[in-house]
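Going letter by letter, the first sequence gives residues 1 to 926 in this note's numbering. From the three backbone atoms N, C-alpha and C, an ideal C-beta is built for every residue, glycine too. This structure is a prediction, so every number in the text was calculated from the model and none was measured. A short worksheet on the structure shown next.
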Amino acid sequence: MSSPDMRQIERDILPLWEHAFEPDPTDGEKFYLTVAYPYPSGAMHVGHGRTYIAPDVIARFWRMRGRTVLYPMAFHVTGAPVIGISKRIARGDPKAVSLYRDLYKVPDDVLAQFVDPLAIVRHFSEEYQRVMSSCGISIDWRRRFTTVDPQYSKFIEWQWKHLREGNHVLKGAHPVRYCPQCDNPVGDHDLLEGDKAEILKFTLVMFRWNDTFIPTATLRPETIYGVTNLWVNPEVTYVRILLDGAPWIVSREAAEKLSFQDHTVEITGEIPGTDLIDQTVSHPLCGDVPVLPARFVDPDMASGIVMSVPAHAPFDYIALRDLQTEGKYTGIEPVPLITVPGYGTVPAKEAVERAGVANQDDPRMEALTQEVYGAEFAHGRLFDRYGGSSVREARDSVASLMMDQYGSVPMYEFDTRSVVCRCGSNVVVKILHDQWFLQYSDPAWKAQVTGLIGRMDLVPPEVRAEFERTVDWLKDWACTRRVGLGTRLPWDPDWLIEPLSDSTVYMAYYTIAHHLATVSADLLTPEVFDYIYLGKEASGLPEREKLDLMRKEFLFWYPYDFRFSAKDLISNHLTFQLFHHVAIFPEPCLPRGMVVFGMGLLNGAKMSSSKGNVFLLEDAVDEFGADTVRMFLVGSAEPWQDFDWRNELVSSTRKQIDRFMNTVLECQAGQESAGNLDRWLQSRLQGHIARTTEALERFQTRQALQEAFFGIESDLKWYRRRLPAGSAGSLYLKELCSVWVRLLAPVIPFTCEYLWKELGGDDLVSYAPWPVTGPAAVDSRLELAEDLLARTVEDIESILKIIQIVPSAIAIYTAPSWKKRVFSAVAAAENKNTVVREIMKDEEMRKRGKEVTDTVRQCTTLIHRLPPQIIQQLIDDLPDEGAIFSAAAGFLSKEFSVPVSVRDAGESSHAKAALALPFKPAIVIE
RNA sequence: GCGAGUGUAACCAAGAGGCCAAAGGUGACCGACUCAAGAUCGGUUCUCGUAGGAGUUCGCAGGUUCGAUUCCUGCCACUCGCACCA
């Protein structure tokens with residue numbers, strides 16, 4: 001191939017950009033965009049590539065439009081994952097070693113250093129910067145930092161001081177999944193089994209048996225009024241314990257679990273379930289009830305003993321019925337306490353009978369329980385004698401009544417069985433103490449965020465609903481950890497600030513990061529940051545000049561204009577950062593907009609490092625070239641849509657870029673002076689410029705490419721087709737190419753930077769002015785004329801295809817002037833029904849009779865089929881079709897290789913000539 | 001299960017009441033140029049048709065309308081999130 005080598009171009013261009021994108025404040029307008037910084041624990045794949053390339057296209061676009069653009073990057077290093085990784089590598093875990101050595105291609109000597117977690121992030125942040133640069137991402141690397149830099153920690157301390165002063169940080173207890181073996185809380189990724197298990201909060205209802213408490217666990221404490229008995233499993237041996245000194249009876253499993261939930265537990269003896277059966281127990285809210293046997297009672301569920309409400313719990317009802325069919329306990333009747341629409345007095349009984357369930361071992365019992373509980377929770381009301389409130393309210397109010405007055409305590413339990421840690425032991429629910437929370441549940445704070453969201457520019461607009469839901473749903477967030485990398489909580493240094501909570505306002509840090517790097521962390525007191533970010537004066541501020549500089553720079557950039565992130569972060573990071581911004585920054589510094597991205601697929605399957613289904617970004621750049629990767633990633637789908645990387649599609653993108661480059665280079669050969677055709681090309685170009693600009697203003701990278709790449713390419717195709725044989729086009733093509741190269745520069749900057757030089761540009765295309773439309777260059781009559789010609793060519797082709805004769809001549813008959821008058825009348829008519837009458841008022845027309853009414857009908861159909869925009873143009877000014885076709889007769893002859901004549905249909909007696917209509921000439925092929 | 005979103009021809013994807021048999025790209029097929037090509041250029045790509053036309057389509061089933069890919073209802077399938085994890 002004669003075209004220049006892409007990789008060579010990249011090597012030549014990269015040094016020109018090395019310090020090209022390091023903006024300082026100016027007098028002009030700024031554009032500040034940020035993307036969620038990466039956690040550099042592995043190599044970048046093409047999915048990451050798009051996350052940073054799509055914003056780069058936007059950054060480059062605004063830069064060319066004259067804005068001072070800031071696109072910074074840093075590395076999020078906080079948290080526990082790399083610690084786990086380094087442990088696994090140190091242990092020689094084959095999966096981890098293979099992932100890093102084989103997939104991420106880490107050299108052995110570097111891998112050896114990975115026993116230090118910081119070595120991992122250090123290595124991969126270098127990788128990230130190198131690969132991002134090789135993709136042409138226009139980042140200001142001066143501002144790079146990591147979240148464990150001492151200066152950053154000082155910044156976080158300042159942030160948290162404000163959060164605390166704003167009463168957004170609270171201390172409390174919190175139930176977590178906990179592995180007794182590892183002695184640590186466990187997250188989803190630490191689990192072998194049960195990663196979807198949720199923690200449920202049961203109320204332990206304290207029944208009394210002599211001097212001992214028998215706690216029954218329930219999610220529906222309000223049903224206490226309908227308790228008829230307790231259930232114990234006769235096959236289980238329960239234990240007697242002293243819980244915080246009080247005598248209880250629970251299952252052995254429950255005793256262990258309770259010991260993690262804020263209680264001291266001492267096992268003092270055993271008691272077989274059978275010993276409890278037929279005993280009488282009591283509770284102030286339901287009186288004396290007997291203890292009965294039931295097989296369905298699971299000792300590994302909560303306390304292992306349950307209270308029985310046969311009127312409302314299908315399990316209880318059927319277990320009681322099972323006993324009664326054996327003739328036992330026939331004196332017990334269900335005691336209803338809730339009315340619910342759709343059910344009679346005893347809902348559980350009805351549900352069981354409707355389903356025709358035979359006994360308590362029926363597998364459908366689970367679903368029946370859900371059905372009855374669901375209905376009662378949604379629409380049920382307690383009887384008046386129990387307060388008459390809705391089930392929804394009563395559940396909480398009865399629970400707190402029990403807690404306050406009847407010795408109840410909560411017990412946490414998973415909603416699914418078998419939650420197993422990676423280490424193999426069973427996970428329990430543990431109550432962590434002294435845990436700090438960000439109080440996202442605070443209605444006042446929520447309201448501030450909701451208000452902010454309402455004022456923000458969200459792209460695409462569909463995500464607005466999801467943001468609003470998220471704010472609504474957000475509960476308090478446990479924001480401190482015991483293990484991991486990160487900043488210590490300033491007022492409670494035993495705790496580390498959790499990773500999602502130390503990455504919420506760092507966009508403000510970027511604005512001054514390069515200055516902070518030159519300041520000793522010791523000097524960065526909260527007063528210093530208060531001055532820089534909030535303009536608050538304090539006595540004894542150090543390095544006053546530097547601080548003033550930083551204050552000025554912060555005010556120049558802030559607030560950020562757009563934050564970009566993938567859609568999976570809506571429910572945490574993207575929303576958190578809004579909470580933190582409203583808590584700390586004044587109104588003028590609050591975020592302006594967010595753009596939410598779709599996810600990436602590889603050959604139709606989800607990209608996943610652990611499954612090995614990834615394509616590394618660096619490999620992609622090596623194989624296809626940076627511009628190809630860029631164009632594919634932003635051109636195959638809009639940023640918020642999911643995209644699918646397929647190598648064969650990427651290769652064709654590469655060909656498109658080659659084609660573009662060759663075309664631009666060839667266009668330099670045009671020598672003729674510009675003619676009508678060039679004016680047409682120029683006129684069309686104005687539309688492409690306008691639509692490309694509009695698309696990029698809306699972050700529609702794909703749409704922009706459609707216009708700027710394929711739109712212009714297809715015009716050029718028509719242009720060349722129209723050109724006389726042997727012509728290389730006119731001098732105008734150079735001008736067009738100058739515009740074209742600039743329109744594509746944000747997407748394929750390497751190619752365009754190279755071409756810009758070839759076209760004689762002095763400076764970087766990255767800073768060349770974005771093309772603007774020239775209204776004077778628009779010639780809609782010319783465009784209409786070419787449109788007519790193209791439509792006619794299509795018609796001729798379609799006729800030729802069908803009749804399959806070798807033509808010897810083609811005649812084009814343009815519509816006679818009276819038909820033009822009919823057409824205009826029909827097109828402009830508001831009432832299509834009376835238009836015939838209007839036209840017939842004309843003497844001339846009346847003479848033609850039926851011919852006119854036929855023409856009206858044909859015009860109506862034709863008008864219906866043409867775009868309204870063209871109709872408007874035709875109403876304003878019908879083109880001189882005779883002149884258009886005569887001028888193009890040479891072209892048409894060349895196209896179809898036969899003589900082409902142009903005549904007025906009015907002067908022909910040919911039968912087909914009568915079919916001629918304005919904008920749709922009759923065609924006769926012989 | 002709950003919340004948000006999506007479903008268009010072989011594939012990706014535009015269209016948001018009549019401009020729609022539905023842009024653009026990819027792939028496939030046919031030609032041209034070539035010793036040759038995965039390179040380039042032109043054409044075709046729902047079905048039927050010897051005159052620019054007709055017929056059947058836009059996840060499925062209903063409904064509103066003179067008219068629906070576009071609006072409403074229900075169903076089905078897929079994607080993301082459901083928390084202490086980046």
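| Item | Value |
| --- | --- |
| Assign Leu649 to one of two classes, buried (16 or more other C-beta atoms within 10 Å of its C-beta) or exposed (fewer than that). | exposed |
| Report the residue from Phe554, Arg742, Arg781, Val793 whose alpha carbon sits nearest the alpha carbon of Trp770. | Arg742 |
| Could you have a look at Gln872 and say whether DSSP puts it in helix, strand or coil? | helix |
| Between which two residues does the alpha helix (DSSP H) carrying Gln686 extend? | 676-697 |
| Helix, strand or coil, according to DSSP, for Asn572 in the structure here? | helix |
| Would you mind reading off the limits of the alpha helix (DSSP H) that contains Gln448? | 443-455 |
| Could you tell me the alpha carbon to alpha carbon distance between Ala152 and Val106, rounded to whole angstroms? | Ala is not the amino acid found at residue 152; the sequence shown has Tyr there. Approximately 28 angstroms, taken between the alpha carbons. |
| Going by alpha carbons, who is nearest to Trp445 out of Glu222, Phe564, Thr487, Val169? | Val169 |
| Out of Leu696, Asp472, Ile923, Phe145, which one is the CA nearest neighbour of Glu794? | Ile923 |
| Are three or more beta carbon pairs between the segment 582-595 and the segment 551-567 nearer than 8 angstroms? | yes |
| Based on Cα-Cα distance, which residue from Phe896, Cys859, Tyr813 lies nearest to Ala916? | Tyr813 |
| Buried or exposed: which applies to Met1, given that a residue is buried once 16 or more other Cβ atoms fall within 10 Å of its Cβ? | With a pLDDT of 38 at Met1, under the threshold of 50, the modelled position of this residue cannot be trusted, and the question is left open. |
| Quick check on the burial criterion: 16 or more other C-beta atoms within 10 angstroms. Buried or exposed for Ala911? | exposed |
| Tell me which residues share the same chain as Pro15 and place their Cβ nearer than 8 angstroms to its Cβ, disregarding the 5 neighbours each side in the sequence. | none |
| Taking only the alpha-carbon atoms, compute the straight-line gap between Met6 and Tyr104 and give it to the nearest angstrom. | 25 angstroms |
| Does DSSP put Ala889 in a helix, a strand or coil? | helix |
| Who are the Cβ neighbours of Phe615 in its own chain at under 7 angstroms, not counting the five residues just before and after it? | His45, Val46, Leu602, Trp645 |
| Can you check the segment 821-861 for any alpha helix (DSSP H) of at least 4 residues that lies completely inside it and give the ranges in chain order? | 835-840, 843-848 |
| Taking the C-alpha atoms as reference points, what is the distance between Ile137 and Val765? | 15 angstroms |
| DSSP three-state label for Arg208, please. | strand |
| What separation, rounded to the nearest whole angstrom, lies between the Cα atoms of Pro180 and Val483? | 16 angstroms |
| For Tyr754, does the three-state DSSP call read helix, strand or coil? | helix |
| Starting from Tyr128, follow the beta strand (DSSP E) in both directions and report where the run begins and ends. | Careful: Tyr128 lies outside any beta strand (DSSP E), inside the alpha helix (DSSP H) at 117-134. |
| Which runs of the beta strand (DSSP E) fall wholly inside the segment 338-415 and span at least 3 residues, in chain order? | 409-414 |
| Go ahead and pull the three-state DSSP assignment for Leu70. | strand |
| Give the C-beta separation of Val97 and Val121 to the nearest angstrom, bearing in mind that I take them to be a contact with Cβ-Cβ under 8 angstroms. | 18 angstroms between Cβ atoms; not a contact. |
| May I ask you to report which of helix, strand or coil DSSP gives Gly269? | strand |
| Does Asn233 come out as helix, strand or coil in the three-state DSSP assignment? | coil |
| Given a threshold of 16 other Cβ atoms within 10 Å of its Cβ, counted over all protein chains shown, does Asn229 qualify as buried or as exposed? | buried |
| Do you know whose CA, among Leu716, Pro749, Glu371, Arg721, lies nearest Lys734's CA? | Leu716 |
| Alpha carbon to alpha carbon, how far is Ala36 from Thr504? | 10 angstroms |
| Below 8 angstroms on the Cβ atoms is my contact criterion, and I expect Val747 with Val629 to pass it. Report the Cβ-Cβ distance as a whole number of Å. | Not quite, the Cβ-Cβ distance comes to about 11 angstroms (not below 8 angstroms), so this is no contact. |
| Comparing alpha-carbon positions, which option in Lys201, Gly906, Ser400, Pro918 lies nearest Thr861? | Pro918 |
| Is the distance from the Cβ of Glu928 to the Cβ of Ile453 below 8 angstroms? | Since the displayed the chain opens at 1 and closes at 926, residue 928 lies outside it and no answer follows. |
| I need the DSSP call for Gly774, collapsed to helix, strand or coil. | coil |
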